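Number of protein chains: 2
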Amino acid sequence: MRLRLDLGYDGTDFAGWAAQPVLRTVEGVLSEALTTVLRATEPVRLTVAGRTDAGVHARGQVVHADVDEDAFARLPGRSDRPPEVAAVARLAGVLPADVVVRRVAVAPDGFDARFSALRRRYLYRVCDDSAAVDPLRRRDTVVVRDHLDVAAMDEAAGRLVGLRDFAAFCKRREGATTVRTLLEYSWRRGGGGVLEGTVVADAFCHSMVRALVGAVVPVGEGREASGWPEEVLRAGARDPRVKVMPAHGLSLEEVVYPGDEALAARAEEARATRTLPG
Amino acid sequence: MRLRLDLGYDGTDFAGWAAQPVLRTVEGVLSEALTTVLRATEPVRLTVAGRTDAGVHARGQVVHADVDEDAFARLPGRSDRPPEVAAVARLAGVLPADVVVRRVAVAPDGFDARFSALRRRYLYRVCDDSAAVDPLRRRDTVVVRDHLDVAAMDEAAGRLVGLRDFAAFCKRREGATTVRTLLEYSWRRGGGGVLEGTVVADAFCHSMVRALVGAVVPVGEGREASGWPEEVLRAGARDPRVKVMPAHGLSLEEVVYPGDEALAARAEEARATRTLPG
Chain Z
57 MRLRLDLGYD GTDFAGWAAQ PVLRTVEGVL SEALTTVLRA TEPVRLTVAG
107 RTDAGVHARG QVVHADVDED AFARLPGRSD RPPEVAAVAR LAGVLPADVV
157 VRRVAVAPDG FDARFSALRR RYLYRVCDDS AAVDPLRRRD TVVVRDHLDV
207 AAMDEAAGRL VGLRDFAAFC KRREGATTVR TLLEYSWRRG GGGVLEGTVV
257 ADAFCHSMVR ALVGAVVPVG EGREASGWPE EVLRAGARDP RVKVMPAHGL
307 SLEEVVYPGD EALAARAEEA RATRTLPG
Chain R
57 MRLRLDLGYD GTDFAGWAAQ PVLRTVEGVL SEALTTVLRA TEPVRLTVAG
107 RTDAGVHARG QVVHADVDED AFARLPGRSD RPPEVAAVAR LAGVLPADVV
157 VRRVAVAPDG FDARFSALRR RYLYRVCDDS AAVDPLRRRD TVVVRDHLDV
207 AAMDEAAGRL VGLRDFAAFC KRREGATTVR TLLEYSWRRG GGGVLEGTVV
257 ADAFCHSMVR ALVGAVVPVG EGREASGWPE EVLRAGARDP RVKVMPAHGL
307 SLEEVVYPGD EALAARAEEA RATRTLPG
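So the protein sequences, as listed, match chains Z and R.
Letter by letter, the first sequence follows residues 57 to 334 in this note's numbering.
Letter by letter, the second sequence follows residues 57 to 334 in this note's numbering.
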């Protein structure tokens with residue numbers, strides 16, 4: 057039986073999502089909690105929608121886990137709560153304060169947290185006004201010295217949208233494609249001196265969002281023209297002028313899936329290597 | 057020479073504002089930082105607009121400090137920055153990450169951070185939707201189990217506004233009045249399952265805001281009628297059904313002062329003991 061879990065975490069004190077020996081990771085902590093709650097004899101294995109790096113946060117992460125049906129049904133104990141509700145309460149009892157499982161549901165047929173996803177939405181927070189810095193948001197906000205021109209950043213970002221080869225913004229990995237569909241990339245001013253960057257794509261390669269942010273910050277600072285990030289994209293090679301921005305400004309906000317009837321087909325499509333048309 | 061400092065802090069790891077031996081307090085940390093950057097021989101003394109309790113945060117705290125004029129003038133060193141700007145940068149260099157001094161200014165004549173203030177605005181954050189909890193806001197948001205009726209809370213809160221004796225919501229202190237003018241008390245829903253309570257008064261007595269919140273939460277839960285908090289107020293004695301809510305949901309957001317010409321008169325007025333008319 058496959059479960060879907062929706063969760064959020066403060067990535068500050070985690071060495072990223074993926075389980076590692078010794079280091080504290082979100083996958084490690086969540087797998088241990090699920091294993092405890094379900095009294096499983098083997099560690100419960102998780103498949104995640106977005107593998108976040110060390111220090112990156114999530115408000116809308118999704119995972120799936122294949123678990124024993126009887127163990128799940130036993131979760132309510134003597135209470136008359138449904139097992140889904142009991143699971144959320146039991147997990148809250150064993151998880152640390154920096155991980156919150158918001159919802160547990162029996163996954164529909166064909167659901168795969170990673171491959172069924174249509175798109176992922178990330179948020180990046182930068183504050184450029186030292187007189188407005190909120191110390192309560194220092195864990196998910198990067199502070200920069202210079203004033204940023206948000207309109208120029210937004211224009212530069214919009215030029216990167218589309219089905220493109222993002223090799224210039226990805227860590228190269230042997231045999232993996234760097235072709236992705238960037239569905240939205242925009243910048244706007246929120247309150248308190250904070251600029252919010254929204255990045256939506258079908259999928260991301262490693263460090264891609266933080267490099268996309270690093271490509272437009274020099275535009276905001278007035279050091280590069282608004283066409284520069286697109287030139288870097290076209291050149292197709294990593295440019296040392298593009299800095300990978302700090303992890304703690306980044307949060308995975310949402311993972312979007314198709315309707316139940318399309319889950320399996322979407323997973324099959326996503327598993328096929330992405331290639332540029334033509 | 058008197059300086060005005062505007063600051064914010066994450067109260068989580070502080071034993072409140074007021075300096076205490078051994079314990080880590082905001083006053084202690086800030087006084088030490090100012091003493092260091094001004095190379096003062098005596099610890100710089102601070103007067104604060106709102107003495108926050110242990111765990112309470114601030115985004116709009118104001119303090120004043122009387123400092124040596126020459127030491128202040130020397131702050132820029134060889135740079136051509138004004139001393140006000142140099143002071144902010146120097147303080148940022150010595151303060152821990154959970155305290156941010158946003159602005160330093162030479163105070164106008166008659167300014168007193170505490171007694172010149174016309175009013176203080178506090179914000180209280182409660183989340184009543186466990187499926188929407190944001191682990192990145194756990195330091196300044198209190199999570200409750202039951203759904204809260206925000207309209208009923210807002211109505212109950214509005215009935216408390218006015219020049220009243222708030223003895224029912226204050227810790228009694230020998231010889232101190234509990235008469236205050238509550239200028240605004242309202243509740244609204246923000247995003248992410250969070251209810252935001254705004255409380256504005258000329259001044260507050262100890263634990264008053266957290267008791268005012270504790271008075272309307274039972275109304276939101278449907279356990280008390282919306283007229284109940286006002287009945288408690290009129291009874292004039294602490295009621296065990298009113299819980300003082302946890303500190304970490306509370307933040308001092310703003311302190312408002314009159315125009316420069318009225319600062320001294322306002323301070324004189326505020327120093328006089330507040331009494332009910334008639």
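Ideal Cβ placement from N, Cα and C applies to all residues, glycine included.
This one's a predicted model, so the numbers in the text were calculated from it and none came from an experiment.
Around the beta carbon of E280(R), a 10 Å sphere encloses 16 or more other beta carbons of the protein chains shown; the residue is thus reported as buried.
Counting every other CB atom within 10 Å of its CB across the protein chains shown gives L219(R) a total below 16, marking it as exposed. Under the Cβ criterion of 8 Å, Y65(R) is counted among the residues facing chain Z. In this structure, D221(Z) and G292(Z) form a Cβ contact; the two beta carbons are roughly 6 Å apart against a cut-off of 8 Å.
Under a 10 Å Cβ-count criterion, R297(Z) is classified as exposed, with fewer than 16 other Cβ atoms of the shown protein chains found around its own Cβ.
Taking C-beta separations shorter than 6 Å and ignoring five residues to either side along the sequence, the partners of D210(R) in its chain run S242 and W243, following chain order. About 6 Å separates the CB atoms of A303(Z) and A110(Z); that is less than 8 Å, so the two are in contact. Between V118(R) and V311(R), the gap from beta carbon to beta carbon is short of 8 Å. Counting every other CB atom within 10 Å of its CB across the protein chains shown gives S135(Z) a total below 16, marking it as exposed. A direct Cα-Cα distance of roughly 5 Å separates R115(Z) from E309(Z). Looking at the DSSP output, L219(Z) bridges to T237(Z). M57(R) counts as exposed, since fewer than 16 other beta carbons sit within 10 angstroms of its beta carbon. The way I'd put it, the stretch 61-73 of chain Z does touch the stretch 149-168 of chain Z; three or more beta-carbon pairs between them come closer than 8 Å. Here the C-alpha atom of A213(R) lies approximately 25 Å from the C-alpha atom of R229(R). Proximity of P132(R) to chain Z, defined by a Cβ-Cβ separation below 8 Å, is not satisfied.
Taking CB atoms only, S186(Z) has a neighbour in chain R less than 8 Å away.
In the structure shown, the three-state DSSP call for H304(R) is helix. Within the stretch 146-180 of chain R, the residues whose Cβ lies closer than 8 Å to some Cβ of chain Z are A148, A153, D154, V155, V156, R158 and R159, listed in chain order.
E317(Z) counts as exposed, since fewer than 16 other beta carbons sit within 10 angstroms of its beta carbon. In the DSSP assignment, H113(Z) is bridged to S307(Z). Taking 4 residues as the minimum length, the alpha helix (DSSP H) runs contained wholly in the stretch 140-219 of chain Z are 206-214, in order along the chain. Of all alpha-carbon atoms in E287(R), A320(R) and D258(R), the one lying nearest the alpha-carbon of G106(R) is that of D258(R). Residues of chain Z with a Cβ closer than 7 Å to the Cβ of R201(R) do not exist, since the nearest Cβ in that chain sits about 10 Å away.
When C-alpha distances from L59(Z) are compared across V78(Z), C183(Z), A127(Z) and A224(Z), the shortest belongs to A127(Z).
With a threshold of 16 other beta carbon atoms within 10 Å, T97(Z) falls short and is exposed.
Straight through space, the alpha carbons of G247(Z) and V206(Z) are spaced by roughly 13 Å. For G64(R), the enclosing beta strand (DSSP E) starts and ends at R58 to Y65. Per DSSP, the continuous alpha helix (DSSP H) segment holding V272(Z) begins and ends at M264 to G276. Under the Cβ criterion of 8 Å, P191(R) is counted among the residues facing chain Z.
In this structure, C226(Z) lies near H262(Z), with their beta-carbon atoms less than 8 Å apart.
Within the same chain, V288, L289, A291, G292, A293, R294 and D295 come within 7 Å of A224(R) by CB-CB distance, once the 5 residues on both sides are set aside. DSSP, reduced to helix, strand and coil, places G84(Z) within a helical segment of the structure shown. DSSP places A281(Z) outside both helix and strand once states are collapsed to three, so it counts as coil. Close CB contacts of Y180(R) within its chain, under the 6 Å cut and outside five residues either way in sequence, are with G253, V269, G305 and L306 (chain order). For D196(Z), at least one C-beta of chain R is nearer than 8 Å to its own C-beta.
In terms of Cα proximity to G315(Z), the closest of F167(Z), T68(Z), D69(Z) and V82(Z) is F167(Z).
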